[in-house]
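To start, the structure under review is shown below, and the notes come after it.
Okay, structure coming up:
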(Lines of atoms letter the chains of each structure in order from A and count residues from 1; the text may use other names and numbers.)
(Lines give C-alpha, C1' and ligand atoms only; values in the text may rest on other atoms or scores of the structure.)
Protein backbone atom coordinates (compact mmCIF):
# COMPACT_ATOMS: atom_id res chain seq x y z
CA UNK A 1 0.00 0.00 0.00
CA UNK A 2 2.86 2.41 0.80
CA UNK A 3 4.38 1.65 -2.58
CA UNK A 4 1.19 2.75 -4.34
CA UNK A 5 1.09 5.99 -2.32
CA UNK A 6 4.69 6.75 -3.31
CA UNK A 7 3.98 6.09 -6.99
CA UNK A 8 0.86 8.28 -6.89
CA UNK A 9 2.81 11.04 -5.11
CA UNK A 10 5.52 11.08 -7.80
CA UNK A 11 3.22 10.50 -10.79
CA UNK A 12 2.86 14.25 -11.62
CA UNK A 13 6.66 14.66 -11.60
CA UNK A 14 7.15 11.64 -13.85
CA UNK A 15 4.42 12.76 -16.28
CA UNK A 16 5.70 16.35 -16.53
CA UNK A 17 9.13 15.00 -17.48
CA UNK A 18 7.64 12.88 -20.25
CA UNK A 19 5.65 15.81 -21.63
CA UNK A 20 8.58 18.24 -21.67
CA UNK A 21 10.86 15.75 -23.45
CA UNK A 22 8.39 15.54 -26.34
CA UNK A 23 8.19 19.29 -26.95
CA UNK A 24 10.41 21.03 -29.48
CA UNK A 25 12.78 23.59 -27.99
CA UNK A 26 13.02 26.46 -30.49
CA UNK A 27 15.48 29.32 -29.90
CA UNK A 28 13.04 31.81 -31.44
CA UNK A 29 9.37 32.57 -31.95
CA UNK A 30 7.79 34.27 -34.96
CA UNK A 31 4.90 36.70 -34.93
CA UNK A 32 2.81 39.03 -37.10
CA UNK A 33 3.66 37.58 -40.52
CA UNK A 34 2.19 39.73 -43.29
CA UNK A 35 2.68 40.80 -46.89
CA UNK A 36 2.38 44.46 -47.85
CA UNK A 37 2.93 46.51 -50.99
CA UNK A 38 1.39 46.82 -54.44
CA UNK A 39 0.42 43.21 -54.96
CA UNK A 40 -1.30 42.92 -51.59
CA UNK A 41 -3.70 45.72 -52.44
CA UNK A 42 -2.71 47.63 -49.29
CA UNK A 43 -0.44 50.32 -50.71
CA UNK A 44 1.92 51.41 -53.44
CA UNK A 45 5.30 50.39 -52.04
CA UNK A 46 7.36 47.46 -53.31
CA UNK A 47 5.93 44.19 -52.02
CA UNK A 48 7.57 42.80 -48.90
CA UNK A 49 7.11 40.19 -46.23
CA UNK A 50 7.43 41.37 -42.65
CA UNK A 51 7.45 39.46 -39.37
CA UNK A 52 8.61 39.80 -35.79
CA UNK A 53 11.59 37.62 -34.81
CA UNK A 54 11.59 36.93 -31.05
CA UNK A 55 15.03 35.71 -29.94
CA UNK A 56 14.38 33.28 -27.08
CA UNK A 57 18.09 32.46 -26.68
CA UNK A 58 20.79 33.77 -24.35
CA UNK A 59 22.94 34.37 -27.47
CA UNK A 60 22.75 37.30 -29.90
CA UNK A 61 21.51 36.36 -33.37
CA UNK A 62 23.84 37.39 -36.18
CA UNK A 63 22.29 35.71 -39.22
CA UNK A 64 19.38 33.42 -40.05
CA UNK A 65 17.85 31.58 -42.99
CA UNK A 66 14.13 31.54 -43.70
CA UNK A 67 12.07 29.50 -46.16
CA UNK A 68 8.43 30.02 -47.16
CA UNK A 69 5.89 29.60 -49.93
CA UNK A 70 4.34 32.62 -51.63
CA UNK A 71 0.91 32.24 -53.22
CA UNK A 72 -1.79 34.43 -54.67
CA UNK A 73 -5.21 34.45 -53.09
CA UNK A 74 -6.36 31.96 -55.76
CA UNK A 75 -3.57 29.59 -54.56
CA UNK A 76 -1.42 30.01 -57.69
CA UNK A 77 2.30 29.82 -56.91
CA UNK A 78 4.10 33.08 -57.73
CA UNK A 79 7.45 32.33 -56.11
CA UNK A 80 10.51 30.77 -57.70
CA UNK A 81 10.15 27.62 -59.79
CA UNK A 82 10.08 25.32 -56.75
CA UNK A 83 7.29 27.23 -55.03
CA UNK A 84 9.55 27.86 -52.03
CA UNK A 85 11.58 30.97 -51.38
CA UNK A 86 14.78 30.71 -49.36
CA UNK A 87 16.35 33.85 -47.96
CA UNK A 88 19.35 34.64 -45.74
CA UNK A 89 19.37 37.66 -43.43
CA UNK A 90 22.10 39.32 -41.46
CA UNK A 91 20.32 40.90 -38.55
CA UNK A 92 21.67 41.37 -35.03
CA UNK A 93 18.93 40.53 -32.52
CA UNK A 94 19.92 40.66 -28.87
CA UNK A 95 19.37 38.01 -26.27
CA UNK A 96 15.67 37.68 -25.30
CA UNK A 97 14.66 40.59 -27.52
CA UNK A 98 12.69 41.03 -30.72
CA UNK A 99 13.09 42.76 -34.06
CA UNK A 100 10.83 43.41 -37.03
CA UNK A 101 12.30 41.80 -40.15
CA UNK A 102 11.42 42.84 -43.70
CA UNK A 103 12.09 40.79 -46.82
CA UNK A 104 11.72 42.53 -50.19
CA UNK A 105 9.80 40.15 -52.43
CA UNK A 106 10.80 41.84 -55.69
CA UNK A 107 14.01 39.75 -55.60
CA UNK A 108 11.99 36.53 -55.75
CA UNK A 109 9.15 37.21 -58.18
CA UNK A 110 8.90 38.47 -61.72
CA UNK A 111 6.70 41.45 -62.46
CA UNK A 112 3.84 42.36 -60.16
CA UNK A 113 1.34 39.49 -60.13
CA UNK A 114 -2.11 40.85 -59.33
CA UNK A 115 -4.14 39.80 -56.33
CA UNK A 116 -3.66 39.38 -52.62
CA UNK A 117 -0.65 37.27 -51.63
CA UNK A 118 -0.47 34.60 -48.96
CA UNK A 119 2.49 33.13 -47.09
CA UNK A 120 2.54 29.43 -46.19
CA UNK A 121 5.03 26.98 -44.71
CA UNK A 122 7.09 29.74 -43.07
CA UNK A 123 10.12 28.27 -41.32
CA UNK A 124 13.45 29.43 -39.88
CA UNK A 125 15.93 26.74 -40.99
CA UNK A 126 19.17 27.96 -39.40
CA UNK A 127 20.34 30.59 -36.91
CA UNK A 128 23.95 31.73 -36.53
CA UNK A 129 24.95 33.51 -33.33
CA UNK A 130 27.70 36.04 -32.62
CA UNK A 131 29.52 33.51 -30.40
CA UNK A 132 29.94 31.22 -33.44
CA UNK A 133 27.31 28.65 -32.46
CA UNK A 134 24.70 27.54 -35.01
CA UNK A 135 21.19 26.15 -34.52
CA UNK A 136 19.70 23.96 -37.27
CA UNK A 137 16.02 23.18 -37.61
CA UNK A 138 16.74 19.49 -38.19
CA UNK A 139 13.08 18.50 -38.22
CA UNK A 140 12.15 21.09 -40.81
CA UNK A 141 9.19 21.98 -38.68
CA UNK A 142 7.50 25.33 -38.62
CA UNK A 143 8.24 27.83 -35.91
CA UNK A 144 6.01 28.54 -32.98
CA UNK A 145 4.05 31.74 -33.31
CA UNK A 146 3.25 34.48 -30.85
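In our numbering, the protein residues as written are 10 to 155. Using N, Cα and C, we set each Cβ at its ideal position, and we do this for glycine too. Here the structure is a predicted model, which is why all the values come from computation and not from measurement.
Exposed is the label assigned to residue 143, since fewer than 16 other Cβ atoms lie within 10 Å of its Cβ.
Taking every protein chain shown into account, the CB of residue 67 has fewer than 16 other CB atoms within 10 angstroms, so this residue is exposed. For the 7 angstroms CB-CB criterion, residue 133 and residue 75 form a contact.
Taking C-beta atoms under 8 angstroms as the contact rule, residue 77 and residue 102 fail to qualify, at a distance of about 19 angstroms. Within 10 angstroms of the beta-carbon of residue 105 lie fewer than 16 other beta-carbons, which makes it exposed. In the three-state reduction of the DSSP assignment, residue 116 falls in the helix class.
Beta-bridge partners assigned by DSSP to residue 99: 72. In this structure, residue 136 places its C-beta atom within 7 angstroms of the C-beta atom of residue 70. Residue environment for residue 34: exposed (fewer than 16 other C-beta atoms within 10 angstroms of its C-beta). Annotated as proximal: residue 39 and residue 60, with beta-carbon spacing under 7 angstroms. Separation of residue 65 and residue 99 (C-alpha to C-alpha, rounded to the nearest whole angstrom) is 17 angstroms.
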